[in-house]
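Residue numbers (our numbering): 71 to 409.
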Ligand SMILES: NC(=O)c1ccc[n+]([C@@H]2O[C@H](COP(=O)([O-])OP(=O)(O)OC[C@H]3O[C@@H](n4cnc5c(N)ncnc54)[C@H](OP(=O)(O)O)[C@@H]3O)[C@@H](O)[C@H]2O)c1
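This is the structure:
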């Protein structure tokens, strides 16, 4: 098991990659009690220095290796594009550092399992940055369902569409850069459905592939032997309100706003309907609960978070592998390890 970090000093974060989500999450790290950004590594030293200045980091590096070697970093947040995650994560683990790694952890389930198993073997904490699972309203929905508030869960619907015009150089469409609707957006839909239904017995997938070879749109119909079902849809090219719905035998729970970061929950049950408000305070991007969960795990010496278990991360990736196989989407260099 990892050695618990002391309670009397802040968690020292190192940010690997100085891109868009890195800045969004770093903004919330420095607003979470007991957490500071101490270092950042990017491919370009000047950009790393600019990023570091924005978030009060004491050190910045023009390479990832220097960040990983920094002895005064407790946990590395990997925020690069998908193809780099596998090698970067294994390097962080080999250096004995804890790890929060952006979704998808890797391009496929095999690589994902390798990374998470390596972390366990090295006694370092590792967690997929599946912030939806740490969101207080999603956790509330889980408790309501477990308490029978909507009877037996019969189905789940989730959609995640960005409506981003096709651009072969955009990471969302660029196969060389791990692009595709399933890995970027479908990962949330699959995680959401698994939370309330578990593993499907069969899946039918249809979709379309962009000229770059990445999946532009995918729709999945899940079936279970007992009649439960899920309909999941994700699209890089088409916009949607991105709502989520959990359907029960006596009621339903719908997200207000996007299901991966709801602004409220509508709970409709036999006794009527109530709207649960968003408890996350304003002035943040909503990643505070994820950062607090990493903090809690590191200070208690957990190897993995019970909110984002390794097994669930790998199982989700298997379902995404299967969907990609149906659509014929394969990443460069994936032969032998891919779907
Ligand atoms: N949790 C969330 O809400 C959320 C939201 C969006 C994205 N994500 C995930 O976060 C990751 C990054 O997404 P992003 O939107 O932040 O991407 P981004 O801004 O396009 O890129 C992030 C970083 O990846 C590195 N990079 C970009 N293109 C590269 C290339 N062609 N080759 C090598 N490295 C490259 C760069 O690192 P340097 O700075 O070192 O140059 C860049 O700053 C993805 O895994 C994505 O799925 C998560």
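All residues carry an ideal CB built from backbone N, CA and C; glycine is no exception.
Residue i - containing alpha helix (DSSP H), residue span
i           : result
residue 117 : 115-124
residue 285 : Element bounds for residue 285: not the alpha helix (DSSP H) but the beta strand (DSSP E), 285-293.
residue 337 : No alpha helix (DSSP H) holds residue 337; the beta strand (DSSP E) holding it covers 334-339.
residue 97  : 90-99
residue 382 : 380-397
residue 367 : 358-370
residue 207 : 206-216
residue 275 : Premise fails: residue 275 lies in the beta strand (DSSP E), 272-279, not in any alpha helix (DSSP H).
residue 257 : 257-267
residue 138 : 134-139
residue 189 : 179-191
Buried versus exposed, by CB contacts within 10 Å (16 or more), residue i
i           : result
residue 276 : exposed
residue 284 : buried
residue 127 : buried
residue 305 : buried
residue 290 : buried
residue 375 : buried
residue 71  : exposed
residue 213 : exposed
residue 345 : exposed
residue 76  : exposed
residue 116 : exposed
residue 113 : exposed
residue 309 : exposed
Backbone CA spacing between residue i and residue j [nearest angstrom]
i           : j           : result
residue 404 : residue 255 : 20 Å
residue 273 : residue 176 : 22 Å
residue 408 : residue 398 : For residue 408, the predicted structure reports a pLDDT of 45, less than 50, and the residue's modelled location is therefore unreliable. A value from the coordinates is still provided. Near 11 Å, if we compare the C-alpha coordinates of residue 398 and residue 408.
residue 336 : residue 280 : 36 Å
residue 380 : residue 240 : 29 Å
residue 221 : residue 334 : 21 Å
residue 183 : residue 245 : 22 Å
residue 394 : residue 400 : 7 Å
residue 385 : residue 140 : 33 Å
residue 251 : residue 286 : 6 Å
residue 96  : residue 288 : 31 Å
residue 167 : residue 262 : 29 Å
residue 106 : residue 320 : 46 Å
residue 361 : residue 270 : 30 Å
residue 188 : residue 165 : 12 Å
residue 152 : residue 179 : 13 Å
residue 91  : residue 149 : 7 Å
residue 51  : residue 343 : Here the chain covers residues 71 to 409 and nothing more, so residue 51 does not appear.
residue 363 : residue 247 : 29 Å
residue 193 : residue 162 : 12 Å
residue 354 : residue 307 : 28 Å
residue 81  : residue 102 : 10 Å
residue 195 : residue 134 : 19 Å
residue 278 : residue 390 : 15 Å
residue 292 : residue 301 : 6 Å
residue 83  : residue 238 : 33 Å
Residues near residue i by beta carbon distance below 6 Å, same chain, minus five either side
i           : result
residue 130 : 110, 118, 119 and 122
residue 79  : none
residue 249 : 241, 242, 243 and 284
residue 406 : Here residue 406 scores only 44 on pLDDT, less than 50, and its place in the model should not be relied on; the value that follows carries that caveat. Cβ neighbours of residue 406 beyond the five flanking positions: none.
Run of the beta strand (DSSP E) containing residue i, from where it starts to where it stops
i           : result
residue 323 : 322-326
residue 345 : 342-347
residue 224 : 223-231
residue 161 : Not the beta strand (DSSP E): residue 161 falls in the alpha helix (DSSP H), residues 155-164.
residue 147 : 145-148
residue 304 : 299-305
residue 73  : Premise fails: residue 73 is in no beta strand (DSSP E) and is neither H nor E.
residue 196 : 196-198
residue 86  : 81-86
residue 108 : 105-111
residue 169 : 168-171
residue 242 : No beta strand (DSSP E) contains residue 242, which DSSP labels as neither H nor E.
residue 131 : 129-131
residue 315 : 314-318
Close Cβ partners of residue i (< 8 Å) along its chain, the five nearest in sequence each way excluded
i           : result
residue 356 : 98, 201, 205, 331 and 350
residue 124 : 93 and 96
Sequence-distant residues of the same chain with beta carbon closer than 7 Å to residue i, five excluded per side
i           : result
residue 191 : none
residue 266 : 215, 223, 226 and 316
residue 347 : 334
residue 198 : 171, 173, 175, 378 and 383
residue 88  : 110, 112, 117, 118 and 121
Cβ of residue i within 8 Å of any chain B Cβ
i           : result
residue 223 : Absent here is chain B; the protein component of the structure consists of one chain.
Quiz item: Is the region 325-345 close to the region 304-317, with three or more CB pairs under 8 Å?
Solution: yes
Quiz item: Can you find at least 3 beta carbon pairs, one from the region 363-373 and one from the region 224-234, that sit closer than 8 Å?
Solution: Under the Cβ criterion (8 Å, minimum of three pairs), the region 363-373 does not count as touching the region 224-234.
Quiz prompt | the region 294-303 / the region 171-189 touching (three or more Cβ pairs under 8 Å) | solution = no
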